[in-house]
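In the working numbering, the protein residues as written are 14 to 602.
C-beta: ideal position from N, C-alpha, C; glycine also.
(1) Helix, strand or coil: how does DSSP classify residue 6 here?
(2) How long is the line joining the alpha carbons of residue 577 and residue 583, rounded to whole angstroms?
(3) Give me the residue from 271, 270, 251, 87 with the minimum Cα distance to residue 196.
(4) Closest by CA to residue 187, which one among 153, 121, 152?
(5) Is it buried or exposed for residue 466, if we count other Cβ within 10 angstroms and need 16 for buried?
(6) Quick one: grab the DSSP three-state call for residue 33.
(7) In this structure, how does DSSP classify residue 538 when only helix, strand and coil are distinguished?
(8) For the alpha helix (DSSP H) that residue 519 lies in, which residues bound it at each end?
(9) Cα-Cα, which of 80, 282, 198 is closest to residue 502?
(10) Got a sec, what are the start and stop residues for the beta strand (DSSP E) residue 262 sits in?
(11) Give the DSSP-derived three-state secondary structure of residue 459 in the structure shown.
(12) Starting from the C-beta of residue 107, find all residues in its chain whose C-beta is less than 7 angstroms away, skip the five residues before and the five after it, and write them out in chain order.
(13) Tell me the rounded alpha-carbon separation between residue 158 and residue 589.
(14) Go through its chain and collect everything with a Cβ distance to residue 572's Cβ below 6 angstroms, but skip five positions before and after it.
(15) Figure out for me which residue from 322, 297, 360, 223 has the closest Cα to the Cα of residue 311.
(16) When burial is assigned at 16 or more other CB atoms within 10 Å of the CB, is residue 526 buried or exposed?
(17) Which residue marks the beginning of the beta strand (DSSP E) containing residue 159, and which one marks its end?
(18) Using the DSSP secondary-structure output, state which residues sit across from residue 477 in a beta bridge.
(19) Distance, Cα to Cα, residue 174 vs residue 140?
(20) When you compare each of 221, 225, 124, 272 to residue 253 by their alpha carbons, which one comes out closest?
(21) With a threshold of 16 other CB atoms inside 10 Å of the CB of residue 69, please say whether the residue is buried or exposed.
(22) Return the first residue and the last residue of the alpha helix (DSSP H) that residue 104 is part of.
(23) Identify the continuous alpha helix (DSSP H) that holds residue 597 and give its terminal residues.
(24) Nearest to residue 366 by CA position, among 338, 374, 320, is which residue?
(25) Going by C-alpha distance, which of 476, 325, 316, 480 is nearest residue 499?
(26) Span of the beta strand (DSSP E) holding residue 273?
(27) If you count every other CB in all the chains shown that lies within 10 Å of the CB of residue 61, and 16 or more means buried, which is it?
(28) Identify, in the order they occur along the chain, each residue of the same chain with its Cβ nearer than 6 angstroms to the Cβ of residue 73, setting aside the five sequence neighbours on each side.
(29) May I have the straight-line CA-CA distance separating residue 480 from residue 533, to the nearest angstrom?
(30) Any idea which residues DSSP pairs residue 532 with across the strands?
(31) Among 166, 153, 496, whose alpha-carbon lies nearest the alpha-carbon of residue 417?
(32) Name, in chain order, the residues that DSSP records as bridge partners for residue 327.
(33) Quick one: is residue 127 buried, meaning 16 or more other Cβ sit within 10 Å of its Cβ, or exposed?
(34) Could you name the residues of the same chain whose beta carbon sits closer than 6 angstroms to that of residue 420, not counting the 5 residues immediately before and after it, in chain order?
(35) Rounding to the nearest angstrom, what Cα-Cα distance links residue 177 and residue 430 in this structure?
(36) What are the boundary residues of the beta strand (DSSP E) that includes residue 416?
Shown next as structure tokens:
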């Protein structure tokens, strides 16, 4: 005899659907505090949600330079987060995140294709991987903590940015907070928690908007749609937090005391570094030497245009000089290299005599700080000695004083990670040799000029200004200002120049120091301790610029405590995820 089914078990599919609809309506009305009703009933994997994910990627791309539509950053991730709320499975969420990442980072890193198409694809994949992997976790949070998930998701996003900055060689490029380098009020938050604090606020606004919209979409159709109180409160909190941070930031900015320091001059030669031309096999070594001396002459002529401006320090960009300046000329193996070095030093002696200024010059150097017999260091020629990428400090008489060797090398640009283990990685870069990183954070001392106090400064070469821990270390060691020497002429495809500048702006605010940028193709500029670019040269133009430093004695919490905020977000994200995962398993039992 077959036992009759209980009343609940005899439900028809239509009755079950009706019950589920009632649960959805009830959950939307009360804020869906538990979220257990939801399961996979929120929607199917479909073209509209894929399109929403792609839209988020496009908006995120537009929020960064070169488009630089920074207000879009506050809503750029909303379509993706709504799509994740409707994703039928974790695999679907992974796909949505991957689509958003591809739409955002393939165009954002297109400039890398100027030197390596495989490198472009690999870099976009790597950065996008963080978004793709985070997407299923966001979906999990949406289902297990309906009202507070925006806060938890903001912890996770911020923590993952810290991981990307610290994992391996680190690549802290295109963090969400960098979109706000023009929003001066919110920018000041970086003095407390670095770019991570700004990223947290911007993402929280995105998630709060998405949570409210998603809850409304899950509610009953027609005029009966309601706005759940819990989600409204979360959006109000995120908006109030943003307004409060911006308001406090403006007040702090206006109260920062700055004093005028010595005048610094920078040159921008605007000489492209096209890979096809540099490594052209038809080019003779005589052609190479002639071109490089011509570049030095351009820098010297631009420097001469700064006479009568009271310049105390002249900065030439990274690798402006093709040969070491800290070894005697007779130590060179080749006569033409010895003669070239002598002519370069002659230019500098003449300028120093006329202008009574010191020099910081971008040049290669033998890594041993004692005199070493150098080989050829010009592009495309194997050097006999290991060498580094350096900033060389010279007196007005062009005498060597000190130098800083670049410590953070560019992966696939200055070295190939795991080349011995994975030799095929050499295909991702055209470089014929690798540099060796420096080991010491050097602080230079600029002697006082007439009416000026002595000041100390640190040099950051190429993209070293994207590493906040390095700039903090220079500030802790007594740097009054920072100089970034960089050569970004390798990237004619738009994007890199504009994306690099916001990170320098954040470093200035985080450390309350003026950042001086001398860039071959731009953007050469002066950034004061509150993040204002007060003098600049336009990108891809030739010119020289001088301005007095704006010095500040404030030591920020970020300099003192570093990435404590980002680390707190990372720890909270994983701790709360563990608690929610355990709770979810218990409910399923």
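The structure says:
(1) Residue 6 is absent from the structure shown; the chain starts at 14 and stops at 602.
(2) Taking the straight line from one Cα to the other gives about 10 angstroms.
(3) The candidate whose alpha carbon is nearest that of residue 196 is 87.
(4) Nearest C-alpha to residue 187: 121.
(5) Classification for residue 466: exposed.
(6) Only weak support exists for where residue 33 lies, its pLDDT of 43 falling under 50; the coordinates are left without a value.
(7) In this structure, residue 538 counts as strand in the three-state DSSP scheme.
(8) 509-524 is the extent of the alpha helix (DSSP H) around residue 519.
(9) Its Cα nearest to that of residue 502, the residue 282 stands out among 80, 282, 198.
(10) Segment 242-268 is the alpha helix (DSSP H) holding residue 262; no beta strand (DSSP E) there.
(11) Of the three classes helix, strand and coil, the one that applies to residue 459 here is strand, per DSSP.
(12) Around residue 107, the same chain offers 145, 148, 149 as residues with beta carbons nearer than 7 angstroms, after the five sequence neighbours per side are excluded.
(13) Looking at the two C-alpha atoms, the distance is approximately 10 angstroms.
(14) The answer, listed in chain order, is 485, 488, 524.
(15) With distances taken between CA atoms, residue 311 lies nearest to 360 out of 322, 297, 360, 223.
(16) The residue is buried, with at least 16 neighbouring Cβ atoms inside 10 Å.
(17) For residue 159, there is no enclosing beta strand (DSSP E), as DSSP marks it with neither H nor E.
(18) Per DSSP, none; premise fails for residue 477.
(19) Roughly 10 angstroms separates the two Cα atoms.
(20) Among 221, 225, 124, 272, the Cα nearest to that of residue 253 belongs to 221.
(21) Residue 69 comes out buried.
(22) Under the DSSP assignment, residue 104 falls in the alpha helix (DSSP H) whose first and last residues are 103-121.
(23) Residue 597 -> alpha helix (DSSP H) spans 577-601.
(24) For residue 366, the nearest C-alpha among the options comes from 320.
(25) Comparing Cα positions, the closest option is 476.
(26) For residue 273, the enclosing beta strand (DSSP E) stretches over residues 272-281.
(27) By the neighbour-count rule (16 or more Cβ atoms within 10 Å), residue 61 is not buried but exposed.
(28) 89, 117.
(29) Taking the straight line joining both Cα atoms gives about 21 angstroms.
(30) In DSSP, residue 532 forms a bridge with 499.
(31) The closest CA to that of residue 417, considering only 166, 153, 496, is found on 496.
(32) For residue 327, which the question treats as bridged, DSSP gives the partners 278, 372.
(33) With 16 or more other Cβ atoms from the protein chains shown falling within 10 Å of its own Cβ, residue 127 counts as buried.
(34) The residues are 450, 451.
(35) Whole-angstrom Cα-Cα distance: 16 angstroms.
(36) 413-418 is the extent of the beta strand (DSSP E) around residue 416.
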